[in-house]
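All remarks here apply to the structure that follows.
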Amino acid sequence: MAQIKNLGWRVTMAGLGINLALGILYTWSIFKMTIKDSIVAGDGLFNWSLASLNDPYAVCCLVFAFTMIFAGRVQDRLSPKITAVIGGILTGLGLIIVSFSTAWISWIIGFGILMGMGLGFGYASATPPAIKWFPPAKTGMIAGIVVAGFGLASVYIAPLAIFLIEKVGLSQAMLIFGIAFLVIVSALAQFLVNPPEGYVHPDAAQNTTSGASGSIDFEPGKMLRTATFYKLWIIFCIASGAGLMIIGGVAGMAKQGMGQMAWVVVALMAVGNASGRVIAGILSDRIGRANTLFIMLIFQSIVIFSLLFITPAQVMLLVLAAMLIGFNYGTNLSLFPSATKDFFGLKNFGVNYGLVFSAWGVGGFIFPRVSQMIVAYTNSPRMAYVLAAGLLLIGAVLALMTKAPVTETYKQPEFIATPATEKI
């Protein structure tokens, strides 16, 4: 095995690049702002109800998450390359479809269903092969780097989307994005490869105390019979839903105080989102996933609650809050795949994380939808902020009650008490 060339960093960078394309999801607030302007202006292009503005985004999140389960199985059984190509094709087709129609149902089918499926296949293909090339001690860091692309995408997609919308309109902008991302993701997919069966990183021997990843491989059915899975699922649902609620509407919030420069807030939130994934991954490798998760949940609750006291005119405070919310939200996307791998092993990681990731979709579907309804009926997001902050505190308490699954032959360390020298 020592003679096998380690392709870990090549695979990691390919996964990062794929996620930099798929992260168009986080630019939804820019698209939504354009659609809302059309509805309010009554120009006849978008004849949607204001309460349905977040529907394509919410459906996309839900489909994305549940597609991850099937896509994870494809990744485990076939290859990450095939999985990523499917993702690129579906994502591109979804965006191309919405470029030909402004009807609500077309956006549900194209942006919501097809692109959601594409994101599920593409996202499922990127992280598993990367972390398989590295020792357990670097799981958090590598997962954080790969998924950082998804969060960072808005840094370039947001201003590019504004530019294209102004020059050629929303429909043509979606057509350009669709063709470009179909080609880019399919090309980068060629660099995704799993290590050969039985491959062990040279440094792995130094981390044999890490537990599940090296000695236990849970089948999906067995994982679903553990209390740990359901606790992780509930926490992930709350943490992701609260963050996506803000991310999906931040451009509208910022536009009141920044006008056409609102994309800056979207881009800065993306920087926070991406950095949160990497920093949380590295930190959790040292102090444990749960300790990092608990800190994030409390911090996120405080920041979202602070939005009650920030007005659209307080631009700097709004920008700071957006970056912090993006940062805290981003930590989820490296902590939960790392915890899934640590608790339930690598053999079925694709489908197992797909099941855990379904919480992200449910949270992403419910929170933005409920938030938009609250805003539509109360003309204020204040109650939505209070609800999200409260649920995050409940998630933090639940994290303290979560322990690693116990088997007949091996008992893993508690989720909340992982010392720096042991990686759960």
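Mapping of the sequence shown onto the working numbering: position 166 corresponds to residue 166, and the numbering continues sequentially without gaps.
Virtual Cβ for every residue (Gly too), placed ideally from N, Cα, C.
- Apart from sequence neighbours up to five positions away, the residues of its chain that approach T34 with a beta-carbon distance below 8 Å are I165, L170, ordered along the chain.
- For G87, the enclosing alpha helix (DSSP H) covers residues 80-98.
- Residue ranges of uninterrupted beta strand (DSSP E) with 3 or more members are absent from the segment 277-365; none lies entirely inside it.
- Two segments are said to touch when three or more pairs of C-beta atoms, one from each, lie closer than 8 Å; by this definition the segment 77-96 touches the segment 120-140.
- Closest option to I179, judged by alpha-carbon separation, among L93, I30, A58, Q190: L93.
- Taking each of L95, V278, I238 in turn and checking the Cα distance to A359, the smallest one comes out for I238.
- Taken through DSSP and simplified to helix, strand or coil, V193 comes out as coil.
- In this chain, the alpha helix (DSSP H) harbouring W104 covers 104-107.
- Judged by DSSP secondary structure, M383 falls within the alpha helix (DSSP H) whose first and last residues are 382-400.
- For G178, the enclosing alpha helix (DSSP H) begins and ends at 170-188.
- Around the beta carbon of G44, a 10 Å sphere encloses fewer than 16 other beta carbons of the protein chains shown; the residue is thus reported as exposed.
- DSSP places V266 within a helical segment (H, G or I) once states are collapsed to three.
- Membership of R225 in any alpha helix (DSSP H) is not indicated, and neither H nor E is assigned to it by DSSP.
- Taking a C-beta distance under 8 Å as the contact criterion, G241 and I366 qualify as a contact pair.
- Spatial neighbours of A14 in its own chain (CB-CB distance under 6 Å, excluding positions within 5 residues in sequence) are listed in chain order as L188, F191, L192.
- Note that the segment 137-147 touches the segment 277-284; at least 3 beta-carbon pairs, one per stretch, sit closer than 8 Å.
- Your pair G288 and F327 does not check out as a contact, with CB atoms roughly 19 Å apart and the cut at 8 Å.
- Residue environment for I131: buried (at least 16 other C-beta atoms within 10 angstroms of its C-beta).
- The way I'd put it, the segment 326-342 doesn't touch the segment 113-120; fewer than three beta-carbon pairs between them come closer than 8 Å.
- A153 carries a coil assignment under DSSP once its states are collapsed to helix, strand and coil.
- In this structure, Y57 is the residue among F66, R225, Y57 with its C-alpha nearest to the C-alpha of I105.
- The segment 143-152 makes contact with the segment 18-32: 3 or more CB pairs, one atom from each, lie closer than 8 Å.
- Nearest to I89 by C-alpha distance, out of A270, L182, E219, is L182.
- In the three-state reduction of the DSSP assignment, E219 falls in the coil class.
- When the Cα atoms are used, A143 and S334 turn out to be separated by approximately 5 Å.
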